Ligand SMILES: Nc1ncnc2c1ncn2[C@@H]1O[C@H](COP(=O)(O)OP(=O)(O)OP(=O)(O)O)[C@@H](O)[C@H]1O
Ligand SMILES: [Mg+2]
């Protein structure tokens with residue numbers, strides 16, 4: 092968890108994610124445990140890009156049961172802890188596919 096008053100160090104990865112999101116349907120943020128992945132990807136939350144975490148067992152269950160349906164239900168989203176769903180599917184190559192920032196922490 093990030094303390095609301097914490098002063099955050101700037102992350103060069105943030106610029107890379109910004110650039111990648113301009114033309115890449117799926118952007119994966121990978122890094123060591125407690126390396127700041129969640130904090131970084133949450134900077135990209137907006138009205139159109141919601142944050143979803145597979146740490147939520149209800150969400151995880153729905154992904155496991157129907158990964159394609161889960162993806163269809165998304166427009167743009169940040170999906171955290173995707174490693175919890177081994178069947179999490181990358182979107183198809185259609186131009187209307189969701190933009191997903193994945194936060195993978197192994
Ligand atoms: N840019 C930053 N500057 C300073 N501290 C940071 C920064 N980013 C994250 N932190 C701190 O590092 C800790 C871990 O952050 P965070 O939860 O985002 O990491 P994570 O990689 O998602 O962790 P996990 O592997 O457990 O999912 C938190 O205490 C957070 O406040
Ligand atoms: Mg995290």
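In my numbering, the protein residues as written are 92 to 197. In this text, a Cβ means the ideal position worked out from N, Cα and C, and glycines have one as well. A quick note: this is a predicted structure, and the numbers were derived from the prediction, not measured.
- If one requires a minimum length of 4 residues, the alpha helix (DSSP H) runs lying completely within the stretch 104-181 are 128-133, 148-156 and 158-163, in chain order.
- Residue 145 is a Cβ neighbour of residue 173, given a cutoff of 8 Å.
- Short of 8 Å from the beta carbon of residue 108, and not among the five residues preceding or following it, lie these beta carbons of its own chain, in chain order: 118, 120, 131, 132, 135 and 192.
- Residue 171 has its Cβ nearer than 7 Å to a heavy atom of ligand 2.
- Separation of residue 111 and residue 105 (C-alpha to C-alpha, rounded to the nearest whole angstrom) is 10 Å.
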